[in-house]
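Trainee: Dropping a structure here in structure tokens format, bear with me for questions.
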Amino acid sequence: MTITPQTIITAAAVLAAIVAIFKYYNKVYDLVKHQKDQDGDIKIIKKEQTLIIYGVLACLKGMHEQGANGPVTEAIDKIEKHINLAAHDQL
Numbered sequence: 043m044t045i046t047p048q049t050i051i052t053a054a055a056v057l058a059a060i061v062a063i064f065k066y067y068n069k070v071y072d073l074v075k076h077q078k079d080q081d082g083d084i085k086i087i088k089k090e091q092t093l094i095i096y097g098v099l100a101c102l103k104g105m106h107e108q109g110a111n112g113p114v115t116e117a118i119d120k121i122e123k124h125i126n127l128a129a130h131d132q133l
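Now the structure itself:
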């Protein structure tokens with residue numbers, strides 16, 4: 043077998059195609075991994091926000107029990123409505 047310029051060009055083209063496929067695979071893999079990491083982070087953030095909302099609601103109810111009205115009552119109603127809608131996926 044003799045090595046001709048066409049053989050070298052063909053080998054380089056095959057090698058370039060393999061490298062391009064490998065790079066594309068790595069980009070897709072990194073993108074999927076990044077998305078999974080973000081999904082996990084979002085779950086953690088949602089849990090933290092849920093705890094914060096329940097804490098704020100408890101504070102507002104405590105203020106309401108001590109006689110605060112007006113905006114406190116309105117905030118309690120809005121938070122409870124939001125929680126009920128979120129529980130039924132109606133947001």
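The sequence shown begins at 43 in the working numbering and counts up by one. Think of the CB as a built atom: it goes at the ideal place given N, C-alpha and C, for glycine as much as any other residue.
1) Taking a contact to mean a Cβ-Cβ separation below 9 Å, would you say residue 95 touches residue 121 in this structure?
2) Do you know how far the Cα of residue 123 is from the Cα of residue 111?
3) Looking only at its chain, what residues have a beta carbon closer than 7 Å to the beta carbon of residue 115, apart from the 5 residues adjacent to it on each side?
4) Measure the alpha-carbon distance for residue 80 versus residue 73 and round it to whole angstroms.
5) How long is the line joining the alpha carbons of residue 127 and residue 98, rounded to whole angstroms?
6) Taking the CB atoms as reference points, tell me whether residue 125 and residue 103 lie closer together than 9 Å.
Mentor: With the given structure in hand:
1) By the CB criterion at 9 Å, residue 95 and residue 121 fall inside the cutoff.
2) Distance between the alpha carbons of residue 111 and residue 123 is about 18 Å.
3) These residues qualify, in order along the chain: 106.
4) If you draw a straight line from the Cα of residue 80 to the Cα of residue 73, it comes to about 10 Å.
5) It is roughly 18 Å from the alpha-carbon of residue 127 to the alpha-carbon of residue 98.
6) Taking 9 Å as the cut-off, the beta carbon of residue 125 is found no closer than this to the beta carbon of residue 103.
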